[in-house]
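Q:
In my numbering, the protein residues as written are 8 to 190.
#1: Could you tell me the alpha carbon to alpha carbon distance between residue 85 and residue 145, rounded to whole angstroms?
#2: Comparing C-alpha positions only, which one of 63, 181, 169 and 111 sits nearest to residue 137?
#3: Counting C-beta neighbours from all protein chains within 10 Å, is the total for residue 87 16 or more, i.e. buried, or is it exposed?
#4: Less than 8 Å separating the beta-carbons of residue 96 and residue 134?
#5: At what residues does the alpha helix (DSSP H) containing residue 153 begin and finish?
#6: Any idea if residue 12 is buried or exposed, counting beta-carbon neighbours within 10 angstroms, 16 or more meaning buried?
#7: Hey, residue 160 and residue 34: beta-carbon distance below 8 Å or not?
#8: Sorted by chain position, which residues of the same chain lie with C-beta nearer than 7 Å to residue 16's C-beta, five sequence neighbours on each side aside?
#9: Tell whether a beta-carbon distance below 8 Å holds between residue 29 and residue 58.
#10: Mapping the DSSP letters down to three states, classify residue 117 as helix, strand or coil.
#11: I'd like the span of the alpha helix (DSSP H) that includes residue 41, first residue to last.
#12: Who are the near neighbours of residue 64 in its chain, counting only those whose CB is closer than 6 Å to its CB and skipping five residues on each side?
#13: Quick check: residue 19 and residue 61, are their CB atoms within less than 8 Å of each other?
#14: Consult DSSP for residue 141 and reduce its assignment to one of helix, strand or coil.
#15: Can the beta-carbon of residue 131 be found less than 8 Å from the beta-carbon of residue 100?
#16: For residue 51, which three-state DSSP category applies?
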């Protein structure tokens, strides 16, 4: 029988691919390369069910492991970071959905709606990035890609740099979009 950890790992891969697609569309839109597409909403809706299942499985595994692991303080810190950022993702994803349900980002949006989009979207993006910086190396371990003594630390370092570059690209695209809308 397949374990909950493996199911969760598969869900994480699906979620990461869907998030990358959603972020790529948004970045291309912010840069003015593509126009608004229904795929924005469709991708967001399709993210919902695997995300809910991931949350349920992760909370179950967290509570199950919480009683067992008292010895590994570094592991506990990373697990707590995943828990805290996971909660932030839930909150900011809900606010992101509410924001875009009330109105999209457009030239005729008032300053408060625009600021709300900027703040919520950036907090969501940062929460996801902080969550993934811990989750991706752990995912690589669960799939057997990291087995050597220093593999985990090296992978974390490279993933942190990759996520930082992605954040810079996303923030620059967003700045270009919003500053361009002002000018």
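Glycine residues also receive a C-beta, built at the ideal position from the N, C-alpha and C atoms.
These figures come from a predicted structure and were not determined experimentally.
A: Quick look at the numbers:
#1: 10 Å
#2: 169
#3: exposed
#4: yes
#5: From DSSP, residue 153 is part of no alpha helix (DSSP H); its letter is neither H nor E.
#6: Under this definition residue 12 is an exposed residue.
#7: no
#8: 146, 149 and 150
#9: no
#10: In this structure, DSSP gives residue 117 a state outside helix and strand, which the three-state scheme calls coil.
#11: That residue, residue 41, is in no alpha helix (DSSP H); it is neither H nor E in DSSP.
#12: 11 and 15
#13: yes
#14: helix
#15: yes
#16: Assignment of residue 51 by DSSP, reduced to helix, strand and coil, places it in the helix class.
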